[in-house]
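Participant: In the numbering used here, the protein residues as written are 16 to 158.
I am attaching a structure below and will ask some questions about it afterwards.
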């Protein structure tokens, strides 16, 4: 069964849908940055869902197909995969850091000013770039 591509397994189609919803959540969280509690809850939820998809879908796929990256020959698919992986990893790490700051402030009843705006904008930008890379990955491997 397929949703978008006859070549992709259903799990990858579902993952693409989930990633699209997460991008919508991120944009919603960015637009609705006040009250801070709502903003932080939206962003933390998106980060948690992203971690789940990375651990259950993306890492297993990378491990199963790791042989396609070695030896590195500069092929388009290799470049897309490596860039998507690296940018996505940085985005998730930054998202986790901001989420932990938010949850810590919430738990300790501290002001909910959890990050420098530049860090938040960088995280959002990297996440969107990673999404585009993942979309490119999908189009490249499942035309």
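A virtual CB, placed ideally from N, CA and C, is assigned to each residue, including glycine.
When DSSP labels each residue in this structure, what does residue 124 get in the three-state scheme?
Facilitator: Reduced to three states, the DSSP call for residue 124 is coil.
Participant: Note down, in chain order, each residue of its chain lying with its Cβ closer than 7 Å to the Cβ of residue 133, except the 5 sequence neighbours on either side.
Facilitator: For residue 133, where only same-chain residues beyond five positions count, there are no Cβ hits under 7 Å.
Participant: Distance, Cα to Cα, residue 89 vs residue 97?
Facilitator: The alpha-carbon atoms of residue 89 and residue 97 are separated by roughly 10 Å.
Participant: Short of 7 Å in beta carbon distance, which residues of its chain neighbour residue 72, apart from the five on each side in sequence? Order them along the chain.
Facilitator: Closer than 7 Å at Cβ, skipping near neighbours: 26 and 30.
Participant: Can you grab the Cα-Cα spacing for the pair residue 124 / residue 79, in whole Å?
Facilitator: Each residue's alpha carbon lies about 44 Å from the other.
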